[in-house]
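Chains as they are written, first to last, in the numbering used here: chain H, 1071 to 1218; chain U, 424 to 829. In this text, a Cβ means the ideal position worked out from N, Cα and C, and glycines have one as well. See structure below.
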Amino acid sequence: MIEMLSTPPANLVPFAPDACTAEFWDAAANRRLVVPRCVECLTYRFPPTPVCPRCRSGDTTFDELTGRGSIYTFTIARHAPLPALRGTVPYAIAVIELDDAPGIRIVGNVVGCAVNDIEIDAPVEVSWDDEVGEGALPIPRWRLRTAA
Amino acid sequence: MPDTREERLMSVAESAIVGIGRTQYWKRGESVGHTPLQLVISAIRAALDDAGLGFDDVDGFALYATGFDTALLAQTLGIPNVRFTAALTGGGGGSAGSIGLADAAIRSGQASVVVSFLAVQQPPEARFGSAFANTSKKSQYSYSPSSEKDFILSSALVSPGQAFAMLARRHMHEFGTSREHFAEVAISTRVNAMNRETALMREAMTLDDYFAARMISDPLCLLDFCVESDGAVAVVTTTAERARDLRHRPIPILASAHGGAGSWGQAIGWFGMPDDVFASSGYEPVAKDLFARAGLAASDVDVALLYDHFSPLVLLQLEDFGFCPRGQGGPFVADGNIRFEGGSIPVNTHGGNLSEAYVIGMTHIYEAVEQLRGTAVNQVRDAEVALVSGGPASIPVSALLLGRDS
């Protein structure tokens, strides 16, 4: 039997977006993946924070990415640490490296595939939930990408 | 710097641990008949008795995070004059560092008898295992939502075990580390717990048991996780001079260090650490400082009490502290090096967080003191130098080198 991965609920805990992260979530609501980049030294950073950790400039732009990346590492959650996750296991949490924003990583769920299909270095692309429920954020998820 | 190890051990310490105390250890939630304040006071009373000191002698508190109210404690205990009270910042790595903070208070002359302590009580609504998402006001580990955590919690990454599983997986990928290596940490630690009355997990563990355990967050199974327990531990530190007149042989603080690289930062709270240290414990810069301050090297350490919330992190610390090269933690333990019987560097002779009890690393300090007094249950022969780590986590991570007064 092929064991498929679940998608965790998007409103698990209260969220607290602020002025630094608003642009990311606003773009996500329009199914666009953007990440902050220093205008001075062009270094990407994540999560969005007030200044560049390399040159300390606060001058920031948000670059839109293709949404392609690869799995840097991952875990398969089989035990539900919270009661609200009991119907969700197994689910995959992965650290993703982004093809067009070197040096940063983003944490997300790999969805829509079998548990055994996940491996480090596997190519992925961003995928958005069909609907954003009450109290939830428009969370970028990740799907395995077959070589084109 | 003096030339011989003997001279180095004698020359550096200005403070010493003189008392250790603890409550019994309970399975999680089973101490709820006692308040956390009662647990803390029991441990402090025992530590002061052990030292031959009284509550009136205490003039400082040096803690690690968790935000314990020292005003309430001083008021409750009728402490005559509090001259120092501070807590190391951080999210998991600071128990050893709390003793470093006591050392700093004593070296600077701000206080002379400093108490460090931690109490853990985990009723169902306050389990550390779901700490990242714990917003319950009843939990001492409650976290308020933040814009940075949104990027972690939104993926249902809510448990420290899930986060460290991803570090472990990366280490397996880069270095060929296997679950058998994790098992050796779990099994060798269990062997050390089996003859200890204080240990919560004393049944023998075989490799078959390990592989039969249910998977929690792949690649970590149940037996890679520390026990969930309740209890309190307290440690009393004073000046090297005063220590000589007290009940036990003083245990000099040879060096302490805490901190880490900004690029390690929140570590499992952001996963943006540089590629060359990602699959590590984040301890490398702190280990360097620690050994430099003491004029010692990993080869001088006789017993290592390494914070073991998850078994793979013991491998990563063995590498970062220099007991073996980067990436070689797996083969190093497979060769029997961390065993109490016959190992080149016995690790967690008390059964650690994995098998004895989880008091956020304070039990490791307790064991280091017993080893150096020569009174440990699993006594390493002629132990003169003990390493204690406070736990791979966000910075600061912290560590301590303790010695033996001759």
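Taking the C-alpha atoms as reference points, what is the distance between residue i and residue j?
i, j, result
"G1193(H)", "G452(U)", "Looking at the sequence shown, residue 1193(H) is not Gly but Pro. Whole-angstrom Cα-Cα distance: 44 Å."
"P568(U)", "N801(U)", "44 Å"
"F744(U)", "Y706(U)", "7 Å"
"R1101(H)", "G718(U)", "56 Å"
"K711(U)", "Q740(U)", "13 Å"
"A1164(H)", "A627(U)", "34 Å"
"H671(U)", "D473(U)", "8 Å"
"A822(U)", "R1107(H)", "36 Å"
"G753(U)", "P735(U)", "9 Å"
"D758(U)", "L471(U)", "41 Å"
"I691(U)", "V1159(H)", "21 Å"
"D1191(H)", "P1084(H)", "32 Å"
"P503(U)", "D479(U)", "6 Å"
"R1175(H)", "G695(U)", "6 Å"
"S570(U)", "M589(U)", "22 Å"
"G552(U)", "G683(U)", "24 Å"
"A687(U)", "E437(U)", "Here residue 687(U) is Trp; the residue named in the question, Ala, does not match the sequence. For W687(U) and E437(U), the distance between alpha carbons rounds to 31 Å."
"G765(U)", "G775(U)", "18 Å"
"A509(U)", "T458(U)", "22 Å"
"S679(U)", "D526(U)", "8 Å"
"V1121(H)", "T612(U)", "44 Å"
"V1105(H)", "T1130(H)", "10 Å"
"T1113(H)", "E1134(H)", "14 Å"
"L495(U)", "L460(U)", "9 Å"
"T662(U)", "T493(U)", "22 Å"
"C1125(H)", "E1110(H)", "8 Å"
"G584(U)", "D668(U)", "45 Å"
"S1127(H)", "G477(U)", "54 Å"
"W1095(H)", "L1103(H)", "9 Å"
"P547(U)", "T1216(H)", "43 Å"
"F587(U)", "E664(U)", "42 Å"
"I467(U)", "A497(U)", "12 Å"
Assuming contact is defined by CB atoms lying nearer than 8 Å, are residue i and residue j in contact in what I supplied?
i, j, result
"G813(U)", "A485(U)", "no"
"V536(U)", "V659(U)", "yes"
"A657(U)", "F540(U)", "yes"
"T621(U)", "Y781(U)", "no"
"G1157(H)", "N1081(H)", "no"
"P673(U)", "V726(U)", "no"
"F491(U)", "A534(U)", "no"
"E1167(H)", "S1197(H)", "no"
"V1185(H)", "I1146(H)", "yes"
"L777(U)", "R827(U)", "no"
"T1136(H)", "D1088(H)", "no"
"L511(U)", "A488(U)", "yes"
"S577(U)", "I1072(H)", "no"
"N615(U)", "T772(U)", "yes"
"L738(U)", "V709(U)", "no"
According to DSSP, is residue i helix, strand or coil?
i, result
"R592(U)", "helix"
"R670(U)", "coil"
"L1155(H)", "helix"
"N776(U)", "helix"
"Y1142(H)", "strand"
"T913(U)", "The first residue shown for chain U is 424 and the last is 829, placing residue 913(U) beyond what the model contains."
"T446(U)", "coil"
"S518(U)", "helix"
"L476(U)", "coil"
"N615(U)", "helix"
"N760(U)", "coil"
"V537(U)", "strand"
"Y706(U)", "coil"
"T508(U)", "strand"
"D492(U)", "coil"
"Y730(U)", "coil"
"T1131(H)", "strand"
"N1186(H)", "helix"
Measure how close the beta-carbons of residue i and residue j come, nearest whole angstrom, since I'm counting them as under 8 Å.
i, j, result
"I818(U)", "G523(U)", "Between G523(U) and I818(U) the Cβ distance is about 14 Å, and since that is not below 8 Å, they are no contact."
"A655(U)", "L630(U)", "A655(U) to L630(U), Cβ: 34 Å. No contact."
"L1207(H)", "D573(U)", "6 Å"
"V404(U)", "A666(U)", "Shown here, chain U extends from 424 to 829; a query on residue 404(U) therefore has no answer."
"Y1161(H)", "L1075(H)", "6 Å"
"A809(U)", "L728(U)", "6 Å"
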